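J.:
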Ligand SMILES: NC(=O)c1ccc[n+]([C@@H]2O[C@H](COP(=O)([O-])OP(=O)(O)OC[C@H]3O[C@@H](n4cnc5c(N)ncnc54)[C@H](O)[C@@H]3O)[C@@H](O)[C@H]2O)c1
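Okay, structure coming up:
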């Protein structure tokens, strides 16, 4: 970490180096650019350098997104003295290699979800994070949906016992960008880059949010997966996860799931149901979660992210019912830095909050949440889902 104070801030700089600059790269850049201007931080995040593989393109991205320098090899980024935190925004196939190397080089690490493409990789990352922690370096998994004020409030209410013993956790994460059978074969549809399909992409968020809100682990699952469109156009042009261009080279095989459905048993005995799909026509980014407990229920929908629905079942039945909490009050989670009540937040703010929490954890020398160990816990659930689906939905326990 830099030792000199940043001019004008009175706080020591915390140099950030980011790998990958497309969708998540842009979202994380927004987070790092904004966080110190909204929240009172103990350190001053500095956008030191960004890394991509094409020199011209990464230079242009650095200018557009606000990074001071550009690198074309992530090893060079990690080696920079002005980089204290390595922020990994690449597809899953490179997470483990970059994260382990960065931790071993003495850097803090923020890694996008899913933590890795396999349980073996995620275990190696969690072990590297444990070793690094003993030396003072910290690692965090980028499950940003924990950082919507409404989900953070939901967690607080569950922890306060407002729902009592949990009975049901019902989660669906629905998108529709693969409905068109001519959508191109991007990295997200290839196992060697993405690890899995809707499961690792959307299901990972659903599993993490469910375990986080419930405050307990998933013990076992029974699953179905399907790949509805098994071949898609291969295009010659540049490809990001959600788009590609150029002319067609014919069709190639989709090697991941298009949809994953599973039921789950939580350690307390609560039952869960999960649905992750990219084929829900009309649903753009609909992450919905509902928890039912003996004393009440909570419901959240990412497409209405400033709201949380709460039913207090201890109230007299004659007037009880779901009510809408508008989560924009100054004492709601993360709201102290933002706008007056009723002036809502959006998707991008989750990345600002993620950066805020990581900076505080680094300054305090405390483990940021979710840790790599929690990322590994999600990975183990995803692996159990795949194993169950391969075995005709047989109930499969998740190793602790
Ligand atoms: N938290 C969320 O809400 C969320 C949303 C989307 C994606 N993600 C995750 O973020 C990660 C990236 O996804 P994306 O949608 O930003 O993908 P993307 O295709 O938009 O961007 C990937 C970037 O990584 C770069 N890259 C790939 N390999 C590289 C390497 N070896 N060295 C340097 N750069 C490399 C690409 O050039 C590109 O800039 C994935 O793990 C994905 O699951 C998270």
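Residue numbers (full-length UniProt numbering): 1 to 400.
Don't be surprised by glycine CBs; every beta carbon is placed ideally from N, CA and C.
The structure presented is a predicted model; accordingly, all values stated were derived computationally and were not measured.
#1: For ligand 1, I want to know if residue 300 counts as a neighbour, meaning its beta carbon is within less than 7 angstroms of at least one of the ligand's heavy atoms.
#2: Run the proximity test for residue 113: is its beta-carbon closer than 7 angstroms to any non-hydrogen atom belonging to ligand 2?
#3: If you measure between the beta carbons of residue 69 and residue 48, is that distance less than 8 angstroms?
#4: Return the Cβ separation of residue 233 and residue 251 in integer angstroms, given the expectation that the two are a contact with Cβ distance under 8 angstroms.
#5: What are the start and end residues of each continuous alpha helix (DSSP H) run of 4 or more residues lying completely inside the region 155 to 222, in chain order?
#6: Counting beta carbon pairs with one atom in the region 335 to 349 and one in the region 178 to 186, are three or more of them shorter than 8 angstroms?
#7: According to DSSP, is residue 301 part of a helix, a strand, or is it coil?
#8: Residues in its own chain within less than 6 angstroms of residue 195 by CB, not counting five upstream and five downstream?
#9: Decide if residue 392 is buried, meaning its Cβ has at least 16 other Cβ atoms within 10 Å, or exposed.
#10: Name the two residues that bound the continuous alpha helix (DSSP H) containing residue 350.
#11: Do you know how far the Cα of residue 72 is from the Cα of residue 202?
#12: My output table needs one value for residue 44: the three-state DSSP class, helix, strand or coil.
#13: With distances taken Cα to Cα, identify the nearest neighbour of residue 400 among 123, 17, 34 and 43.
#14: According to DSSP, what are the bridge partners of residue 233?
#15: Just curious, the beta strand (DSSP E) that residue 266 is in, first and last residue?
#16: Is residue 223 closer than 8 angstroms to residue 276 when the C-beta atoms are compared?
#17: Using only alpha-carbon positions, find the residue among 155, 375 and 32 that is nearest to residue 17.
#18: I want to check one thing, is the minimum distance from the CB of residue 217 to the heavy atoms of ligand 1 below 7 angstroms?
#19: Could you tell me which whole alpha helix (DSSP H) segments of length 4 or greater appear in the region 14 to 99?
#20: Mind checking whether the beta-carbon of residue 334 lies closer than 7 angstroms to any heavy atom of ligand 1?
#21: If we ignore side chains and look at the alpha-carbon of each, how far apart do residue 172 and residue 139 end up?
#22: Leaving aside the five residues before and after residue 51 along the sequence, list all residues of the same chain whose C-beta is less than 6 angstroms from its C-beta, in chain order.
#23: Assign residue 151 to buried or exposed, taking buried as 16 or more other Cβ atoms, counted over all protein chains shown, within 10 Å of its Cβ.
#24: Hey, is residue 267 close to ligand 1, as in C-beta under 7 angstroms from one of its heavy atoms?
#25: With a threshold of 16 other CB atoms inside 10 Å of the CB of residue 159, please say whether the residue is buried or exposed.
#26: Excluding five sequence neighbours on each side, which residues of the same chain lie with their C-beta closer than 8 angstroms to the C-beta of residue 282?
#27: Beta carbon of residue 21: closer than 7 angstroms to some heavy atom of ligand 1?
#28: May I ask whether a heavy atom of ligand 1 can be found less than 7 angstroms away from the beta carbon of residue 15?
#29: Does ligand 1 have even one heavy atom less than 7 angstroms from the beta-carbon of residue 24?
#30: What does a CB cutoff of less than 7 angstroms around residue 285 pick up in its chain, not counting 5 residues either side in sequence?
#31: Which first and last residues belong to the alpha helix (DSSP H) in which residue 135 is found?
#32: Quick one: give me the first and last residue of the beta strand (DSSP E) that residue 109 is part of.
#33: What is the DSSP secondary structure of residue 389, reduced to helix, strand or coil?
#34: Using the Cα positions of residue 278 and residue 144, report the straight-line distance between them to the nearest angstrom.
#35: Rounded to whole angstroms, what's the CA-CA distance from residue 388 to residue 372? Just pull it up for me.
#36: Quick one: using the 10 Å Cβ neighbour count with 16 as the cut-off for buried, is residue 14 buried or exposed?
T.: So, to answer that:
#1: Between ligand 1 and residue 300, a heavy atom-to-CB distance of less than 7 angstroms is absent.
#2: Ligands in the displayed structure: ligand 1; ligand 2 is not one of them.
#3: Taking the C-beta atoms as reference points, residue 48 is found nearer than 8 angstroms to residue 69.
#4: About 6 angstroms separates the CB atoms of residue 233 and residue 251; that is less than 8 angstroms, so the two are in contact.
#5: Within the region 155 to 222, the runs of alpha helix (DSSP H) that reach at least 4 residues and sit entirely inside it are, in chain order, 191 to 194 and 204 to 214.
#6: Short answer: they don't touch.
#7: Strand.
#8: The residues are 92 and 117.
#9: In this structure residue 392 is exposed. Its beta-carbon is surrounded by fewer than 16 other beta-carbon atoms within 10 angstroms.
#10: Here the alpha helix (DSSP H) through residue 350 covers 349 to 364.
#11: A direct Cα-to-Cα measurement between residue 202 and residue 72 gives close to 29 angstroms.
#12: Here residue 44 sits in strand by DSSP.
#13: For residue 400, the closest C-alpha among the options 123, 17, 34 and 43 is that of 123.
#14: 251.
#15: Where residue 266 is concerned, the enclosing beta strand (DSSP E) stretches over 259 to 266.
#16: Result no, Cβ atoms of residue 276 and residue 223 do not sit closer than 8 angstroms.
#17: The option with the nearest alpha carbon to residue 17 is 32.
#18: Answer for residue 217: no, Cβ out of range of ligand 1.
#19: Within the region 14 to 99, the complete alpha helix (DSSP H) runs of at least 4 residues are 23 to 38, 55 to 65 and 74 to 79.
#20: Not one heavy atom of ligand 1 sits closer than 7 angstroms to the Cβ of residue 334.
#21: C-alpha separation (whole angstroms): 28 angstroms.
#22: Once the five neighbours on either side are set aside, the close Cβ partners of residue 51 are 19, 71, 74 and 77.
#23: The residue in question, residue 151, is buried, as its Cβ has 16 or more Cβ neighbours within 10 Å.
#24: The beta carbon of residue 267 sits no closer than 7 angstroms to any heavy atom of ligand 1.
#25: Per the 10 Å Cβ criterion, exposed.
#26: Here residue 282 has 176 as same chain residues with Cβ atoms under 8 angstroms from its own Cβ, once five neighbours each way along the sequence are excluded.
#27: Answer for residue 21: yes, Cβ within range of ligand 1.
#28: No; taking the cut-off as 7 angstroms, the Cβ of residue 15 has no heavy atom of ligand 1 nearer than that.
#29: Yes - ligand 1 has a heavy atom lying nearer than 7 angstroms to the Cβ of residue 24.
#30: Scanning its chain for C-beta atoms nearer than 7 angstroms, with the 5 sequence neighbours on each side dropped, one finds around residue 285 the residues 175, 302 and 303, in chain order.
#31: It spans 119 to 135 - the alpha helix (DSSP H) in which residue 135 sits, taken as one unbroken run.
#32: First-last of the beta strand (DSSP E) with residue 109: 108 to 112.
#33: Residue 389 falls in the helix class under three-state DSSP.
#34: When rounded, the distance between both Cα atoms is 20 angstroms.
#35: Residue 372 has its alpha-carbon roughly 24 angstroms from the corresponding atom of residue 388.
#36: Buried is the call here.
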